[in-house]
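See structure below.
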Amino acid sequence: MARIKGAVKAKRRHKRVLKLARGFRGARSKQYRAAKQAVMRAMASAFVGRKQTKREYRRLWITRINAAARQHGLSYSQFMYGLKKAGVDINRKMLAELAVNDTAAFTKLANVVSGS
């Protein structure tokens, strides 16, 4: 059986990793071994970052809703509980959007909560 050398596969793998490492500083973008480690770490951080972004946005929305609710004499928890009790099904992203850009609509929601 003939011996098969891995040069083509290795070259392809090295090119793929070095392409992902473009823009990294120094040896991390030039040398395969350093680039491979840097790319692995970058991929892991990117995975974690995608989860953190979702958390941070939710925190931002809650902060905005809380600030707008307090202008109407309600806390965030009272406001959200009142909406649930009144049967208003609207997510935090849209509530935050209303709080920032459409204060009249948010005021109506606050009145619904206060009335119930």
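Per numbering that gives the first Met the number 0, the very first residue in the sequence shown carries number 0; after that it's consecutive.
Beta carbons are placed, not taken as given, at the ideal position from N, Cα and C, and that holds for glycine.
Please read all numbers here as calculations on a predicted model, not as lab measurements.
Here's the rule: buried if 16 or more other CB atoms are within 10 angstroms of the residue's CB, otherwise exposed. What is PHE46?
The residue in question, PHE46, is exposed, as its Cβ has fewer than 16 Cβ neighbours within 10 Å.
Which ranges would you report for the beta strand (DSSP E) in the stretch 5-59 if only whole runs of at least 3 residues count?
none
Assign LEU97 to one of three DSSP states: helix, strand, or coil.
helix
Could you spell out where the alpha helix (DSSP H) holding MET0 opens and where it closes?
That residue, MET0, is in no alpha helix (DSSP H); it is neither H nor E in DSSP.
Can you tell me where the alpha helix (DSSP H) holding SER113 begins and where it ends?
Run containing SER113: 102-114, per the alpha helix (DSSP H) assignment.
What does the alpha-carbon distance come out to for the pair PHE23 and SER44?
15 Å
Is the beta carbon of ARG57 sitting closer than 8 Å to the one on ARG2?
no
Hey, out of PHE78, THR62 and ASP101, whose CA is closest to ALA109's CA?
Considering only PHE78, THR62 and ASP101, the residue with the shortest C-alpha distance to ALA109 is PHE78.
Please classify ALA103 as buried or exposed, where buried requires at least 16 neighbouring CB atoms within 10 angstroms.
exposed
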